[in-house]
Structure formats: structure tokens, C-alpha cells
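Inspection log for the structure reproduced underneath, given as C-alpha cells.
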Amino acid sequence: MSYPFAAIEKKWQERWEKNQTFKTGDDFSKPKYYVLDMFPYPSGAGLHVGHPEGYTATDIIARKRRMQGFNVLHPMGWDAFGLPAERYAMQTGIHPKVTTQQNIDNFRRQLKALGFSYDWSREVNTTDPGYYKYTQWIFLQLFNSWYDTAQKKARPISELPIPSELTGDAQKKAREDFIAGKRLAYIANMPVNWCAELGTVLANEEVEEWVGKGYTVERKPMRQWMLRITAYAERLLTDLQHVDWPTGTLELQKNWIGQSTGCTIKFGVAGTPQHQILVFTTRPDTLYGVTFMVLAPEHPLVDILTPASHKATVDEYRKATALKTEMSRQLDAAKKEKTGVLIGAYAIHPLTQEKIPLYIADYVLMGYGTGAIMAVPAHDERDFAFAEQFDIAIRQVVAPAPPSPSGREDGGEGLFAGDGTAINSPIIDGLKTAAAKEKMIAHLEKENLGERRVQYKLRDWLFSRQRYWGEPVPVSFDAEGFMVAEDNLPLMLPESDNFQPSLSGESALANIPSWVNFERDGKKYRRETNTMPQWAGSSWYYLRFADPQNKDRFASAEKEKYWLGDGVDLYVGGAEHAVLHLLYARFWHKVLYDLGYVTSVEPFKKLVHQGIILGEDGSKMSKSRGNVINPDTVVAEYGADTFRLYEMFMGPLEQMKPWQSKSIEGVYRFLARVYRLFVNSEGKLNDKLLAAPKDEKAVLKILHQTIKKVGDDIETLSLNTAISQMMIFVNEAYRVESIGRDAATKFIQLLSPFAPHLCEEIWQAMGNQESIAYTPWPKYDAQYLVESSFEAVIQINGKIRARTELAIGISDADFESAARGVEAVAQALAAKSVKKVIVVKNKMINFVVA
RNA sequence: GCCGAAGUGGUGAAAUGGUAGACACGCCGCACUCAAAAUGCGGUGGGGGCAACCCCAUGUCGGUUCAAGUCCGACCUUCGGUACCA
């Protein structure tokens, strides 16, 4: 038999909306709990079954916290700028605003149909000018700040010390350039992934996607806005100690930031004493092993140092490198094939004064370290491969010690990349690697030949896109080319019906002269035509939820402090955002922290990733495989409560797991069983519940076990086992003749965060006027959990040989004699000598026999 | 290659170093029914035994321990991330 879920769910969704049941007040006297979902990009495909997985988990937490008396902030919004809507607009001419709004309406409808207890009055939308006003405002905070490396924090650009030689009107250009070079948001000519067909720059992680779809992507230097996230590398790394995140995600972030410690070393150039080549190395102890050096092809010294005799080959190699796609470059890397050419100049070894040949090769990247390396083929895998290919001398300066028996450190003949003992190195001979590094750095620093340095892999954030559908960058340029920040925010995205990028590689905004060019106070200006990447809006939305209607500030100081004083309490979302979104948001948060706008060091205290839900065939859900499950269909067939409960019952939240249509039946049956337990065939409350329990002790025991288990499991998000326990309770309730009002009441409260519609209905049927949502969360009474006896397990040499019922609290001696009294045990022990007896109190005993 | 997560019945999965497989699906049986569905009750890791019971079993191989799915080491497989970062 079914239960009338459709009517029940409609009724309660309407009632919650009408009564504003989940509107969050700003009662600052109550303890707060901020539980946040990663807001979705509202795609045309509608909600995917993966979305409600995390959303249901957070909803359960939110509902439990309300019942525990917390003031709960549980909001939802839309990360609505995005390329799909713009591309659709290019094809159809329909404005992205229109499709975005349709998609949002559809998503909202779908989410409401699942009964999530969001405070919809706080809904945010990144494409709303009232929202992106503050995205732009934060951008300007970055633009108007510089990073003080002494104080290790961002400071207003007005506090930037200007060198005395740059003062005065005559120096305005030089001064402005100097300031521009210090800003946290700055313009640079950067090699980017340019896609001519899309007319835009792609992020590295987007390249593969579009190349896969048949688009051409090339590396091309272009004028780009950059955000100086590298200034925060150290803090982004060390502050990870303050957060409660999955270890895997912490590792990903650490790897992405990529800290390595070492030193820089200055090499002279033969014949031109005015030039020096600076390298970064983590292995200064191998300095005596240098047999060649490599500069990145784009290294500025290449032009200066290359003699005419080598110009042709060098230029040819540089050109080839620029055209090389990421793909073929990676392929070379995988094959360990190295390319490069001699530039015909020589460096001078800082200690031995030896002449060292200089190469350019694309395995050295301009973007990391100093763009130049000292190559030690004996102790570096890449240098080794290069030396073998180009037949360069290999000089051993580290002896493996002790010789590694596995040979794992030994990457091949003559290559040893591990730690050992320095040899053939006069200054440091005989020292272990760690000590050798230290002594070498000390020596280089003393001789002014180099200095200690911490290097990060992290690059600055490429922040501009040549797109229409994004936040305009609120900066203009006057007739002389000086930058002026827009002080009248929001800088509105202009209306347009042409979404094609301009041919110059600028965004579609460049096609709207009336917007681009403007006059103010008699001066002419040209606007920046780049827009911000999709990451922008999602880097601070969690702040806006604290005070979404505020027109004067991204959030009032008071509300920011109350809701975010110690960060978001629980943040749930996909692991695909483990690096970029979380890193960008942390970066912005830290800038705002430095400038005094937010009060917590880290934005997200606890983070959990929900696992991917696979199709029934165990592969990833996709249209082409035809294994996509639509939430609407499931809700229509079984109802929202079943859908929620099923997704939570599938398995551990963080685990990847396949959808099983069959299993939904079981969860549905459970809810129908609950309904029938409370409501009889005439639609009246079942007598079984009201009658005093016949076996009160048994009912109370299972009830309090359930209260404890469900409460504890929600805290650890072990929602699958919480549901199991409630199933056990219901199975027991069917077995006994009567369970009583109290147990019935508490059980329905326990279930309510999971299946809120059904529980509200039953709650009302039980005669309650108020919503169940704010009733106090049941507490368990430990006295009902106490057992009087236990089934003692008797082991002999660790194997179970017998079981017997014994009283709780039995002494070890009594336990042993009772166990020996069991016939099977007595027989087994008869001919043996007992060497040892281990008793685990109230559980088991193990006889160790010879 | 490197980093991370995970391998348990026919299936999804449980299990503070202490009774492996809770709960659920599926399957089998019984009740209700003219019958079926629905529902309720019971059984269900594999092998052996009439039975009480016995043996085997948590990817593989070792180790620690009175006791290992759980801890340690090596390996295999799958998934996710990353990729010449000096």
C-alpha cells in the first residue's frame, strides 16, 4: 500500500512558504550555525541527482540544529554567469539573461519540490547587479591594495611608500607604473590559452574540454588582468592548519601551492661581466655537479647573450616552442624526450670558475623559479635525460649512503636523485645531503653568490575573460592611459544583442562604443572591456548570505561578525572544487581580512565532499550513456521524502556510489510503514501509539538507543546508519503490541530532518498546531541503555568455542569460572594447559592454551 | 611517474584491535486471498553434517598481537587529482 505523499508534500511545502517557517532571523543572542552548500550553476539540463545529495545532508544538519535551538543560516543561490548561456545566446540570439532566469526558475522549483529548508528570502544570484556590485567592489579592494611583505598583509595602495625619485609631476608615468606593479590586481602580458573560435582565453583546466570538442587552442601572449594570489602563497599554505577538511583536499591544496625550499645562485657570464644568470635550486649541495645550464626559451637574457652565430637556430627553436601545443609538450614530457639548443654563450661556475655551456630548452619554464636552472645530470632525472640525449658530461657529487638495496632511488645508470653523502665537492665533502645543503647556502650567502629562498608553484590568478556574460571590470583608462577605478558601482553590464567577441580578441563589450567610451568632468575615458571569470562571483557568495539585501556594504559588520566570526560551520560540495574555488575564496577572504572587512582568518571551518552518484550501470551518469536519473521523475513516483531518504541511505556521503532503482523501493516501503504505524486505514491516528506500552522497558530501550544513534550519526554525517537505526526501531514497533505516545513523539522528531513532509503531517495528526521544525531535539536517557546481561563469547586460542549468557559487571574471576563451567569449554580445556586468560569485560574471554 | 581515496555476500553496505556481514535490495518459504498484487511474519556468505555443531571466508603475500576487515610492510586492481615546478 502506498501513502499519499504527493498531497502531503504539496501541503507542507505551501505551508512552509506561507508561514516563512525557515526564514532566518538575526537574533544575535542565540548561538548561530551556518551550514552552506556549494551553490550550483543553473544549467539548462536542470537539477542532477548529484546536487540533492549534498543538499539533503546539509538540510538534515540544518533541521537538527534548529531543533537544538541554534539560529541556523542555510541559504541557496546561483552561480549564474557562465559560458553555456553565452554560447547559447550566440547561436540563438536569446539574451543570456533570459535563459539564465529560466534555468534559475527551474532549479528553484526543483529544489523547493525536495523540501529543503532554505531561507529563500536570502537567495543570491551572481548576475544580479545588486550582487555583482560587491564582486566589483572586492575587485577594487584588490586593485587598491598592495602586499606589504614585511607586515605580511595587504594594505591600501595609499599607504604604499613611493621612492623619492618618483615624486613630482614629471614622474607621473613612472610613478603610476610603479604603483600599478604593486597592486593585487594588475595588468600583464601573459601567455594564455587563446581559442579563436570561442574568441576567448581559457583556463588551463578548460583547455582539454574544448580541445576535446574539436576547438583549437594556442598559447599566445595577451594583455590580461591578474590577481596577485602568489603574495598569499605562504599564508594559504600555513593557514590550512586551522581548518577541518578532508586530508585529501588539504594535500591537493598543498600540492597546488607547491612550496619548495632551496636557494638562488648567481652564475657569471663568460665575456660579459655585467650580466648574471640567476637560478633557483633545491639541491645547492650538488653545485659542483653542474655540467650545463638551461634557460627557458622566453628568458630575457637569451636575446642578450646569444651571439650572431647562434641566432638562427635559437630563434627557430623559440618559434617552435611557442607553437607547440600543451598536448605535444606533455607528450614529450611523458616520453622523457628533451629538446633544446645551445645558445653559443657560456656561464661561469661561481665556485670553480669553470666555463659552462648554456642551452635553451622547453623543459625549463619561465613561469617558475627564475626561469633558468643549473643542470646536474648525475642527480636530477630531467637533467640526466637531457645530458644523455645531448651527450653532456655527467659528474657524480652525491654518493648513495647507505647503498640502497632496492635501487629505487636509482633512476638508471649514473643517476641518483636521492639523499646521500657529498663527494667531489671541496666545501662540503663527506656531509650528508641535509647538512651539505645548509653549509652550501651559508657559504653562498657569505660570498654574496646566492641566498636562501622559498619558492612556490602557485601562479598568479588570470582574472580576465573576453566574454560578454560576466562582471565588467570596473576600471577605465584616461586619454593618457592612466587607470581610474570606477567609483560608481555597480558598473552595469550593458544591454546588447551581439554576443560575438570582437575580432581584436576583446570581449563583445568592445562592440558597444557607447558603453566603452564615456566622458566625465570633461575628460574622456575608455572602459576596460574584459569581464571577470566565473570564479569571481563564487569567491565570496558565502559572505553575502549573511546580509543579502544590504545596499551599502557587502554585509554589515555586525552580521558578518555574527554569522562568519569563525567562518562557515559546515560547507558541503563536490571534490572537483577542492583546489581552485576553495583556493580563490580563501585568497579573497584573506585580502578582506587584511583590510579589516571580515573577522575570520579562514572562510570554511569544516568541509565535506559528497561522493559522485553513478548510473545504475556503475559508470558516470551522462546523456550519451542514457543512464541519467532525473530527480523530477523520482519525486513524482515516490515523493521527495523517499528521494531524500534514499540518497542518504545509499551509503557513506563521501563515497562514490551507483544509483539503484530497486533500493528506492525499500526506502519507500519504510516510509509507508512509518505512515501506517501512525495512521490507520480510516486516516485516524493508530491506537497502538497511544496505548501505554505493554513491554515498556523494551520499547524505551530501543527508543533511547535510537535517539542516541541517530543524534550521534547526524553529527558525523553517517546518515546511512542513522536511517538503519530508525528502520530497526520501526521493525520493533511493528513487533510489539503498543509503543506509547512518548516513544511515538520522539521517534517522529528524529525522523523529521530526513523526511520532513511526512513527519510534519504525522505531527499535525498527533494534535500539534506548531511545525515540528522547531520542537526540541529528543535527548536520550542513559539509564535505558543499561543492559543487565550479555552474551559472553568464549574463545580458545582466539577461536570462538562457546557462548553463554552472563550478568553485566561480572568479575574476571567469576567470568573465567563460568566459562570453564560450560561443558564444551571444559572438554576442550581438559587435556590442555592454560597459559594465559584474557578477559574483555562484559564481552568475551580468551583461553590461551599450549 | 608522483599524490590521494578505496577493494567485505548475488547487490548497496555495517562493524571504539574483541561474536564479520547490522540495515536494505534481491531471492526462498509461510500467512492473508478464489487468485494475484499489496501487506505481515520467517529464512538467506560458501562448504560439510540427521543434528548439536564443524571447517572456510573481508584484493594478494608477509608481519605485530592472546585476538586483525581494522595496526605495520610489500604487492595487485579500481577510481580521483596532478604532471618536465628545478
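Heads up, the first sequence is in our numbering, so the first residue is 3 and it goes up one at a time.
C-beta: ideal position from N, C-alpha, C; glycine also.
Residue ranges of each alpha helix (DSSP H) within the region 63-140, 4 or longer: 85-94, 98-114
Per-residue burial, Thr-240 [other beta carbons within 10 Å of its own, 16 or more giving buried]: exposed
Whether Gly-641 touches Ala-59 by CB criterion (8 Å): no
Cβ-based burial, Ser-626 [other Cβ within 10 Å; buried from 16]: Only exposed fits Ser-626, as fewer than 16 other CB atoms lie within 10 angstroms of its CB.
DSSP-derived helix/strand/coil call for Gly-409: With a pLDDT of only 37 at Gly-409, under 50, the local geometry of the prediction cannot be trusted, and the value read off the model is given with reservation. It is coil, neither helix nor strand.
Run of the alpha helix (DSSP H) containing Phe-392, from where it starts to where it stops: 383-392
In DSSP terms, what Asn-632 is bridged to: Under DSSP, Asn-632 forms no beta bridge with any residue.
For Tyr-648, the three-state DSSP class (helix, strand or coil): helix
Straight-line Cα distance separating Ala-830 from Val-836: 11 Å
Element boundaries [alpha helix (DSSP H), containing Pro-474]: Counting along the chain, Pro-474 falls outside any alpha helix (DSSP H), and DSSP gives it neither H nor E.
Simplified DSSP assignment, three categories, for Trp-561: Reading off the sequence shown, one finds Lys at residue 561, where the question assumed Trp. Residue state, collapsed to three classes: helix.
Met-78, buried or exposed, once every other Cβ within 10 Å from all chains shown has been counted against 16: buried
Euclidean distance between Cα positions of Ser-311 and Val-304: 13 Å
Host alpha helix (DSSP H) of Thr-249 (start-end): Note, Thr-249: alpha helix (DSSP H), 249-259.
Per DSSP, cross-strand counterpart(s) of Glu-521: Lys-526
Residue(s) in a DSSP beta bridge with Arg-455: Gly-264
Limits of the unbroken alpha helix (DSSP H) element including Thr-423: Where Thr-423 is concerned, there is no enclosing alpha helix (DSSP H), although the beta strand (DSSP E) it sits in stretches over 422-424.
Check: Ser-504 C-beta below 7 Å from any heavy atom of the ligand ATP: In the structure on display, the ligand ATP does not appear, and there are no ligands present to speak of.
Unbroken beta strand (DSSP E) run spanning Phe-731, endpoints: Not the beta strand (DSSP E): Phe-731 falls in the alpha helix (DSSP H), residues 721-737.
Spatial distance of Gly-414 from Val-292 (CA atoms): With a pLDDT of 43 at Gly-414, under the threshold of 50, the predicted position of this residue should be treated as unreliable, and no value is reported.
Segment limits, alpha helix (DSSP H) that includes Asp-816: 814-823
8 Å Cβ cutoff met for Ala-481 and Lys-525: yes
Given Thr-708 as reference, the closest of Leu-584, Arg-111, Met-728 once Cα atoms are compared: Met-728
Straight-line gap, Val-219 to Ala-322 (C-alpha atoms, nearest Å): 16 Å
Per-residue burial, Thr-100 [other beta carbons within 10 Å of its own, 16 or more giving buried]: Per the sequence presented here, residue 100 reads as Val, with Thr not at that position. It counts as exposed.
Collapsed DSSP secondary structure at Tyr-782 in the structure displayed: Coil at Tyr-782, not helix or strand.
Selection from Asn-629, Ala-512, Gln-457, Ser-123 that minimises the alpha carbon distance to Asp-619: Asn-629
As assigned by DSSP and simplified to three states, the class of Met-442: helix
Leu-545 vs Ser-602 beta-carbon contact at 8 Å: No, these two residues do not count as a Cβ contact at 8 Å.
Beta-bridge pairing of Trp-227 - partner residues as DSSP gives them: Ile-189
Separation of Ala-548 from Thr-102, as counted between CA atoms: 24 Å
Beta-ladder partner(s) of Cys-197, from DSSP: Cys-197 pairs with Thr-202.
Close-in-space but distant-in-sequence residues of the same chain around Gln-278 (CB under 8 Å, 5 per side omitted): Lys-268, Phe-269, Gly-270, Val-271
Three-state class that DSSP yields for Lys-837 in the structure shown: strand
Val-600 versus Trp-542 - alpha carbon distance: 11 Å
8 Å CB neighbourhood of His-771 in its chain, flanking five on each side removed: Just to set this straight, residue 771 is Gln in the shown sequence, not His. Correct list: empty, nothing qualifies.
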